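Trainee: One structure, pasted below without further comment.
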Amino acid sequence: GCASPLPLQHAAAAAWANQSHVDIFREKYKKNFEVAKEVLGIKPPEATFYIWLEVGDEIDFTIKLYERYNLKVIPGSFLGREGEGKGYVRLALVYEEEKTREALERIAALSKELGVRN
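Sequential numbering of the sequence shown, starting at 873, is according to the working numbering.
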């Protein structure tokens with residue numbers, strides 16, 4: 873193996889010693905989940921910035937969401953074995969609140985078009 877350069881190790885130690893960035897991101901994700909609750913009516917998860925949204929045919933939903941709304945999600949079936957995640961898409965709410973709201977409104981619009989109840 874090869875060790876990381878000493879200056880990089882010092883920088884990493886300094887970054888890990890300061891937790892203020894953690895608080896900033898927690899607040900950002902909290903706001904995004906409030907938007908998701910408002911727009912999609914979902915219950916926010918307790919320990920992640922992902923939402924697993926039930927959509928029926930997750931492959932069809934993913935393709936149509938990209939074709940019609942230029943938005944990418946990950947089909948749940950791509951993230952598990954033996955059918956785990958089938959019928960769901962995974963959303964990562966990691967952007968600024970305004971951009972997150974716009975994306976969630978696009979998802980809500982496609983859900984309505986397809987008759988998907990979130």
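Cβ coordinates follow ideal geometry from the N, Cα and C atoms, glycine included.
Here the structure is a predicted model, which means the values were calculated and not measured.
If I follow the unbroken beta strand (DSSP E) through Tyr-960, where does it start and stop?
Mentor: Taken as a continuous stretch (DSSP letters only), the beta strand (DSSP E) holding Tyr-960 covers 960-964.
Trainee: Going by the beta-carbon positions, is the gap between Asn-890 and Leu-965 smaller than 7 Å?
Mentor: Not in contact: Asn-890 and Leu-965 (Cβ atoms no closer than 7 Å).
Trainee: Using a beta-carbon distance below 7 Å, is Glu-910 in contact with chain B?
Mentor: Here chain B cannot be found, since the structure has a single protein chain.
Trainee: For Glu-930, which residues of its own chain have a beta-carbon under 8 Å away from its beta-carbon, when the five flanking residues on both sides are left out?
Mentor: Once the five neighbours on either side are set aside, the close Cβ partners of Glu-930 are Pro-947, Gly-948, Ser-949, Gly-957, Lys-958, Gly-959, Tyr-960 and Val-961.
Trainee: Rounded to a whole number of angstroms, what is the C-alpha to C-alpha distance between Ile-979 and Ala-887?
Mentor: Distance between the alpha carbons of Ile-979 and Ala-887 is about 36 Å.
Trainee: Please confirm whether Leu-986 and Leu-925 have their CB atoms less than 7 Å apart.
Mentor: No, the Cβ-Cβ distance between Leu-986 and Leu-925 is not below 7 Å.
Trainee: DSSP three-state call for Leu-943: helix, strand or coil?
Mentor: If DSSP states are grouped into helix, strand and coil, Leu-943 belongs with coil.
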